[in-house]
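Numbering (our numbering), first residue to last: 481 to 693.
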Ligand SMILES: Cc1cc2nc3c(=O)[nH]c(=O)nc-3n(C[C@H](O)[C@H](O)[C@H](O)COP(=O)(O)O)c2cc1C
């Protein structure tokens, strides 16, 4: 074997572990997506109230702002949404991960989950379904559309009001993310996490790649 071949063999041996490191592993069709918020969706009115953990949630438009939540047929929350045509989305802090998890374990058709986890409600401003006091950010939503795929319903809610807890705001009124401490849900990995640290600002961080003339 010539010295050239030995050289290439050595290079290959050195690089091989890194090639292996970057190999993609096919996982098949999966609903894995992270991070996503674990929200608490309140449905119903007055004495007919329910709360459920909902992580398949997304924002659709700016104006009017529309949020979507995906609910499986048979959820008590879905029955109440159809009955009253409204709901509230409440974002819990990370400290309330156990309460949130409980709301995803038990159905409101069996018990009053709000009572069990010791959360209280507060009147909404524009709808009759209340918001959760203990959750620092809340959205009041009116149902505008439902889309069905198999046994899943995508519910579109127009956000008619939002609320932020004073205690998570800075002096200038902006949101202090450290105080808000939003709960992060890792679907399929099945873990709750906190949000981590700030890396940079939106729409200026990308300027790093702007071509100079
Ligand atoms: C973190 C978490 C997120 C969840 N996200 C959803 C969801 O997006 N859609 C859904 O239909 N069920 C979801 N679930 C399951 C429901 O919360 C659960 O079935 C609950 O018992 C439904 O309550 P209900 O019958 O009172 O509506 C989730 C559960 C957990 C723990």
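Glycine included, C-beta positions come from ideal geometry on N, C-alpha and C. As the structure is a prediction and not an experimental result, all values here were calculated from the model.
query	result
Distance CB(residue 520)-CB(residue 644) smaller than 7 angstroms	no
Those residues which DSSP pairs with residue 519 across a bridge	534
Three-state secondary structure assigned by DSSP to residue 613	coil
C-alpha gap between residue 523 and residue 669, whole angstroms	28 angstroms
Heavy atom of ligand 1 within 6 angstroms of residue 588 beta-carbon	yes
Which listed residue (625, 616, 638, 672) has its alpha carbon closest to that of residue 659	616
Nearest to residue 589 (by Cα), restricted to the options 528, 570, 625	528
Continuous alpha helix (DSSP H) stretch holding residue 659: start and end	657-660
Residue 518 vs residue 568 beta-carbon contact at 7 angstroms	no
Where residue 555 falls, given that 16 or more other Cβ within 10 Å makes a residue buried	buried
Three-state class that DSSP yields for residue 553 in the structure shown	coil
Residue 574 beta carbon near ligand 1 (any heavy atom closer than 6 angstroms)	no
Where residue 546 falls: helix, strand or coil (DSSP)	strand
Proximity test, residue 570 beta-carbon vs ligand 1 heavy atom, cut-off 6 angstroms	no
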